[in-house]
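Numbering-wise (our numbering), the sequence shown opens with residue 183 and increments by one. Have a look at the structure below, then the notes.
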Amino acid sequence: MKPDKIVALKDGRRLEIYQDETYERDDTFEAQWPGKIYHWDPHYELGTRIGGPDDLEGDQHDVALPVYTYGDITGQVFDTRPLDRPFDSGQIGWIVATPAAVAACWPGGASRDEIRTRLRAQVHDFSLRWNNEVYGYRIMRYQLEAECEHCGRGAEWGEEDACWGFVGEIDQVLPWMLDQAGLKPDQVKED
């Protein structure tokens, strides 16, 4: 498997970034967020399917935002704001936070604005995961070994450390990866 990006380190090692092909969405993802997605699009499994925009039954204390989508060759984009493509995008559902879900996320309570902000972040995170923008890294060190008399192989890159499950675009998650690996930005070799 070829890395999506290689970052050279000043000490001679390198950080290789890969798309996390083993990532699978599971229930632990849903548990960390206050919202639940209700949708009426028959082509996708986004959450709970309902018949249409008027079929959502809610409570006056629920906080709900619309969910819009747009698809192109790079993937499917989900957002809580209308997308700037009137001919090939539109609303496909709602994301709803119930009072019980809000209490689980914020035991001390939260304002409606805080809840809306968190719902927008949840849909953005959902969009990234939907498009497999989940990455991992491997810290590699060039290991000098005596050449093998049978195959002729000698020095190779060997893995020292690895961590997976970073959600976002590569340049966004790179600082988190460096931090997780115990590295500082000044340890990265300039291009």
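Don't be surprised by glycine CBs; every beta carbon is placed ideally from N, CA and C.
query	result
If you follow the beta strand (DSSP E) that Leu197 is part of, which residue opens it and which one closes it?	196-201
Given a threshold of 16 other Cβ atoms within 10 Å of its Cβ, counted over all protein chains shown, does Trp276 qualify as buried or as exposed?	buried
Just to confirm my understanding: we take Pro281, look at its own chain, exclude 5 residues before and 5 after, and list those with CB closer than 8 Å. What are they?	Asp241, His243, Asp244
Nearest by alpha-carbon distance to Asp186: which of Trp215, Arg263, Asp202 is it?	Asp202
Tell me whether Tyr324 is buried or exposed, calling it buried when 16 or more other Cβ atoms sit within 10 Å of its Cβ.	exposed
For the alpha helix (DSSP H) that contains Met359, what are its first and last residues?	352-362
Who are Val370's beta bridge partners in DSSP?	Leu191
Taking the straight line between their C-alpha atoms, what separation do you get for Asp361 and Ile232?	42 Å
Could you give the first and the last residue of the continuous alpha helix (DSSP H) run that contains Arg302?	294-312
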